[in-house]
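Below is one structure, written out as structure tokens; comments come after it.
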Amino acid sequence: MAQSTPRKTSITARRTYALLKGALFSQLAALPFEQLTLTDICNTALISRSTFYRYFEDKYDLLHYCLGSMLDELGLNEDVMYFTNRTSVRDFLLILLRLIGENRILYQKIYHANQDGDLMRIIRTGLIRIMNDKIQAAEQKGYRLKLPAPIFTSLMTDFYFNIVQCYLDQEEPCDPDSFVDNVCLFIERDFFAPPKS
């Protein structure tokens with residue numbers, strides 16, 4: 056799932072990326088990832104397979120691109136990853152959950168169609184790779200981890216992944232602000248209200 060094709064930035068390329076991303080999400084709402092074919096994606100995006108291959112190696116490369124671009128758009132940076140700034144963590148989670156909330160039905164369909172398949176494992180692996188890249192970039196800026204990077208990336212990936220799963224599993228749509236406030240209380244280990252005297 057490594058990015059092998061350099062990303063293009065022309066208007067045509069951005070349009071093609073958007074069409075393929077939309078097609079992937081649309082198809083994932085109906086089919087498990089392992090059953091999804093390039094023909095399904097290309098037909099939905101109304102582009103040819105040869106055009107697809109100019110941009111991506113395979114459906115895994117497309118999925119990795121979608122994950123990476125989403126995290127970049129959401130602002131996953133050092134302050135968020137290392138919990139150094141409560142406001143930046145809160146802002147990141149609000150942006151993430153508001154985005155999911157705006158497309159809640161689509162994301163729930165994707166989640167339910169794929170929760171027992173390979174997609175969740177593939178996304179988790181992709182997120183770990185992205186987190187590793189971000190850790191390396193952060194280390195070049197002077198950030199240092201106190202625990203081994205593989206443990207940190209695994210725990211952080213599961214943390215963010217589980218936040219999204221928990222949000223999607225809510226029976227009734229939950230207000231992102233309230234949900235994020237509760238997550239922030241958890242981060243700060245402020246679980247219990249003091250006993251009433």
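According to this note's numbering, the residues represented by the sequence shown are 56 to 252, in order. Ideal placement from N, C-alpha and C gives every residue a C-beta, glycine not left out.
Report buried or exposed for GLN82, applying the criterion of at least 16 other Cβ atoms within 10 angstroms of its Cβ. Sequence index remark: in the sequence shown, residue 82 carries index 27 (1-based). Buried.
Rounding to the nearest angstrom, what Cα-Cα distance links TYR110 and ASP116 in this structure? Within the sequence shown, residue 110 is the residue found at index 55, counting from 1. Within the sequence shown, residue 116 is the residue found at index 61, counting from 1. Their Cα atoms are separated by approximately 9 Å.
8 Å CB neighbourhood of ARG159 in its chain, flanking five on each side removed: Taking the sequence shown and counting its residues from 1, the one referred to as residue 159 is at position 104. LEU223, PRO228.
Can you tell me whether DSSP reads LEU215 as helix, strand or coil? Your numbering for residue 215 matches position 160 in the sequence shown. Just to set this straight, residue 215 is Tyr in the shown sequence, not Leu. In this structure, TYR215 counts as helix in the three-state DSSP scheme.
For GLN90, which residues of its own chain have a beta-carbon under 6 Å away from its beta-carbon, when the five flanking residues on both sides are left out? The residue given as residue 90 occupies position 35 in the sequence shown. Contacts found: none.
Proximity winner among ASN132, THR67, ASP127, PHE88, relative to HIS167 (alpha-carbon distances): On the sequence shown, position 112 is the one that residue 167 refers to. Out of ASN132, THR67, ASP127, PHE88, PHE88 has the C-alpha closest to the C-alpha of HIS167.
Is the beta carbon of TYR72 closer than 9 Å to that of GLU39? Any question about residue 39 goes unanswered here, given that the chain covers just 56 to 252.
Helix, strand or coil, according to DSSP, for ILE102 in the structure here? Taking the first residue of the sequence shown as position 1, residue 102 is located at position 47. Coil, per DSSP.
Sort LEU118, HIS119, ASP113, ILE150 by Cα distance to LEU131 and report the nearest one. Looking up residue 131 in the sequence shown gives position 76. Of the candidates LEU118, HIS119, ASP113, ILE150, the one whose C-alpha sits nearest the C-alpha of LEU131 is ILE150.
Among residues of its own chain, excluding the 5 on either side of TYR162, which ones have a beta-carbon nearer than 7 Å to its beta-carbon? Translated into positions along the sequence shown, residue 162 becomes position 107. Result list for TYR162: ILE155, LEU223, in chain order.
Identify, in the order they occur along the chain, each residue of the same chain with its Cβ nearer than 6 Å to the Cβ of ILE190, setting aside the five sequence neighbours on each side. Within the sequence shown, the letter at position 135 stands for residue 190. The residues are ALA204.
Under 9 Å between C-beta atoms of PHE216 and ARG184: The sequence position of residue 216 within the sequence shown is 161, counting from 1. The sequence position of residue 184 within the sequence shown is 129, counting from 1. Against a cut-off of 9 Å, the Cβ pair of ARG184 and PHE216 comes out as no contact.
Measure from the alpha carbon of PHE214 to the alpha carbon of each residue in LEU202, VAL135, ARG69, then state which is nearest. One-based indexing of the sequence shown puts residue 214 at position 159. Comparing Cα positions, the closest option is VAL135.
By the 10 Å Cβ neighbour count, where 16 or more other Cβ atoms means buried, how is THR208 classified, buried or exposed? What you label residue 208 is simply residue 153 of the sequence shown in a count that begins at 1. Result: buried.
List the whole-angstrom C-beta distance separating MET186 from MET211, where the pair is believed to meet the contact cut-off of C-beta under 8 Å. Locating residue 186 in the sequence shown gives position 131, counting from the first residue. Locating residue 211 in the sequence shown gives position 156, counting from the first residue. Contact flag correct, Cβ pair sits at about 6 Å.
Roughly how many whole angstroms lie between the Cα atoms of PHE147 and GLU194? Here the question's residue 147 lines up with position 92 in the sequence shown. Here the question's residue 194 lines up with position 139 in the sequence shown. Rounded to the nearest angstrom, the two C-alpha atoms are 21 Å apart.
Could you say which of LEU118, ARG70, LYS63, ALA68 lies nearest to LEU79 if we only look at CA atoms? In the sequence shown, counting from the first residue as 1, residue 79 sits at position 24. Ranking the options by Cα distance to LEU79, first place goes to LEU118.
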